[in-house]
Amino acid sequence: MLNHLHIRNLAVVDEIEVELGNGLTTLTGETGAGKSILVDALGLALGERADSEAVRPGAKRAEITASFDVAKHSTAARWLTEHDLDDDETIGSCVLRRVVTAEGRSRGYINNNPAPMQTLRELGEELVDICGQQAHQSLVRPDNQRAMLDQYGKLGELVGQVREAHYAWQTAQREYDELDAARADQASRIELLSFQVRELEALDPRPGEMDELDAAHRLAANASHVKEGVSSALQALYENEQASAHDLLSHARVQLEELGELDAGLKPVALLLTEAEIQITEAADALRNYLSGEPAESGNLAELEARLGAMQDTARKHRVDPSELPDLTGRLRADLHAIEHVGDTLEELLQTVTQYRDLLEKLAVQLTKSRQKAAAALAKQVSTNMQQLGMPGGTFGIALDKTVEPGPTGYERIEFRVSINPGMRPGPLTKVASGGELSRVSLAIQVAASDNEHTPTLIFDEVDAGVGGGTADIVGEKLRSLANGSQVLCVTHLAQVASKGHDQLRVTKLSDGTNTRTRVAQLTADERVEELARMLGGVEITDRTRDHAAEMLAVGANKK
398 MLNHLHIRNL
408 AVVDEIEVEL
418 GNGLTTLTGE
428 TGAGKSILVD
438 ALGLALGERA
448 DSEAVRPGAK
458 RAEITASFDV
468 AKHSTAARWL
478 TEHDLDDDET
488 IGSCVLRRVV
498 TAEGRSRGYI
508 NNNPAPMQTL
518 RELGEELVDI
528 CGQQAHQSLV
538 RPDNQRAMLD
548 QYGKLGELVG
558 QVREAHYAWQ
568 TAQREYDELD
578 AARADQASRI
588 ELLSFQVREL
598 EALDPRPGEM
608 DELDAAHRLA
618 ANASHVKEGV
628 SSALQALYEN
638 EQASAHDLLS
648 HARVQLEELG
658 ELDAGLKPVA
668 LLLTEAEIQI
678 TEAADALRNY
688 LSGEPAESGN
698 LAELEARLGA
708 MQDTARKHRV
718 DPSELPDLTG
728 RLRADLHAIE
738 HVGDTLEELL
748 QTVTQYRDLL
758 EKLAVQLTKS
768 RQKAAAALAK
778 QVSTNMQQLG
788 MPGGTFGIAL
798 DKTVEPGPTG
808 YERIEFRVSI
818 NPGMRPGPLT
828 KVASGGELSR
838 VSLAIQVAAS
848 DNEHTPTLIF
858 DEVDAGVGGG
868 TADIVGEKLR
878 SLANGSQVLC
888 VTHLAQVASK
898 GHDQLRVTKL
908 SDGTNTRTRV
918 AQLTADERVE
928 ELARMLGGVE
938 ITDRTRDHAA
948 EMLAVGANKK
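Every number in my numbering is 397 more than the matching position in the sequence shown, counting from 1.
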């Protein structure tokens, strides 16, 4: 729901702030006052085209900010989450901002995040439907017509099943086609894979082998250096004829044992040296065993280098790391097995394709029958509404043109068709309806599908063009009825329509001879009486006109 609109330096507007609520809000004002300025401004916030002429003369830029309350599980809320544009600080709200400079540059924002115009337009379709201005009209788009019919018929679950079946069929068909096409070079592929597998199996790389080879190679390459170091350590610890570590430690231990007889506090230190002497002896024994073990022969080094070279050469050939060779062997074996048994796989895939195709056809036929039933009911209801809205010979129909193949949305292309006058052949909305007629047709459809919660805010401009009297009353009643489930804004020049609003805004244009400004005011009950009286009586307003206006407001307030 649109709850706040702030306009600055747009056309003849210097600054306007409007608070909006639920229900039906009507916008009225004298001819030329600029009643559509709010609609135009909102269109800019929703990503419509703009140029420097939109900026008020003398201003550097125009700026429009539109704030919305967004229901938690609405399509708009899901869209914001999917595009990572939801506002964590103000959950349940959405702020669109559009800036147009005097040079013609334009910027858009969603919750203070920069957004291109296309993104604003995508989100705008989930928030607002502006009816009556064909440049903004979502009703004429085939995908929206299909969605409205499916929503009216409560076919969402079945549509989802058709979409899933179509995706599964297309995926299986694509896998089959790719595998079937690969059979053309099957023989050469088998020959190559067989050679690669034999080569790898002959090499027989083991998981972790490269780490082991690297460690063994380092040791073999440095065998003499290691042996010299171990001998030197053994000599320092135990076998130095002059003074080994063991001899020095033993001498110190003996001294402390003797001194311990004089000072008992030295006995623990002597025990520590005894333990150290034992550890030195064990270390020396370990070093002797190491030196007496199998030496790293030069022949062993050559074998290691040959194995490393073979591993590295094979890895380079396959453009992998040597450590990946064991996994590569397994993958190539699997590929070879698959291509050798491709006939079996193709047969299984063909069965899967057929199963999904049969399921898709079954669901699509079911969807067609359900759509035909919903289309007949919706067309009948919309036709009745059209005739009540000043189009006595008007009829509405929904064409379901079957396609050769079922698509993700079923078997048919859907098109709304309308005939405004008796004897006219029904045709597409944009070709047979004027702006005002299209707006009333849209109203007729919206009322018929009033449980459609897709777009929470509906704006009607020119909906009462060319009507009056009783028809105008019906237009107002339909709008008020529609506002029971949605927020509805309506620009109107008829008192019969304005009187049905829950709230009313008056647009006025002020001029001091130099500058012209537009103002928007929310009217009190008394001010509404005066405004309706003006709309009814023109320049001279009598008490009788005021009484009539007050009566219209009272009657309008009692409408559901």
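Built from N, CA and C at the ideal position, the CB exists for glycine as well.
Proximal residues to residue i (C-beta, below 7 Å), its chain only, five neighbours per side dropped
i    : result
L933 : A892, T942, H945, A946
D547 : G553, V556
E694 : With a pLDDT of 48 at E694, under the threshold of 50, the predicted position of this residue should be treated as unreliable, though the coordinate-derived value follows. Excluding sequence neighbours, E694 sits near nothing in its chain.
A630 : L684
L929 : A892, A895, S896, A946, M949, L950
G790 : N818, P819
Exposure of residue i, with buried meaning 16 or more beta-carbon neighbours within 10 Å
i    : result
R502 : exposed
Y564 : exposed
L826 : buried
G807 : buried
M821 : exposed
V717 : exposed
Q676 : exposed
S591 : exposed
S464 : buried
A579 : exposed
A761 : buried
D940 : exposed
A532 : Here A532 scores only 38 on pLDDT, less than 50, and its place in the model is too uncertain to base an answer on.
L659 : exposed
G706 : exposed
T568 : exposed
T428 : exposed
Cβ shell of residue i (< 8 Å), same chain only, five flanking positions each side left out
i    : result
Q515 : G444
N849 : Because N849 sits at a pLDDT of 47, beneath the cut-off of 50, its placement in the model cannot be relied upon, and the point is left open.
L840 : C528, N782, L786, F857, V860, V872, K875, L876, L879
E416 : N400, H401, Q919
N637 : D644
G953 : G873, R877, S896, K897, G898
Close beta carbons around residue i, own chain, < 6 Å, minus the five adjacent residues each side
i    : result
A459 : N406, L407, A451, V452, V497
Q570 : V750
M708 : P719
Range of the contiguous beta strand (DSSP E) that encloses residue i
i    : result
G505 : 503-507
Q462 : The residue you asked about is not Gln; residue 462 is Thr in the sequence shown. Counting along the chain, the beta strand (DSSP E) containing T462 begins and ends at 458-466.
Y549 : Note, Y549: premise wrong, no beta strand (DSSP E); alpha helix (DSSP H) at 539-549.
P803 : 792-804
T425 : 421-425
S908 : 900-908
R414 : Just to set this straight, residue 414 is Glu in the shown sequence, not Arg. Unbroken beta strand (DSSP E) run through E414: 410-416.
R580 : Looking at the DSSP string, R580 is not in any beta strand (DSSP E), and its letter there is neither H nor E.
Whether residue i touches residue j by CB criterion (8 Å)
i     : j    : result
F857  : L835 : no
L517  : I527 : no
Q1006 : L399 : The question about residue 1006 has no answer, for the chain in this structure spans 398 to 957.
L701  : A599 : no
V917  : I488 : no
P805  : E758 : no
L950  : S896 : yes
T742  : A735 : yes
P723  : R603 : yes
L597  : T726 : yes
A667  : L653 : yes
A456  : E523 : no
C887  : L536 : no
Residue i - DSSP class collapsed to helix/strand/coil
i    : result
V815 : strand
N697 : helix
G431 : coil
K956 : coil
A447 : coil
V497 : strand
H945 : helix
V888 : strand
E809 : strand
D644 : helix
A846 : coil
G605 : coil
A774 : helix
W476 : helix
S621 : helix
A512 : coil
P825 : strand
Alpha helix (DSSP H) segment containing residue i, residue limits
i    : result
N686 : 664-689
A930 : 922-934
R730 : 722-737
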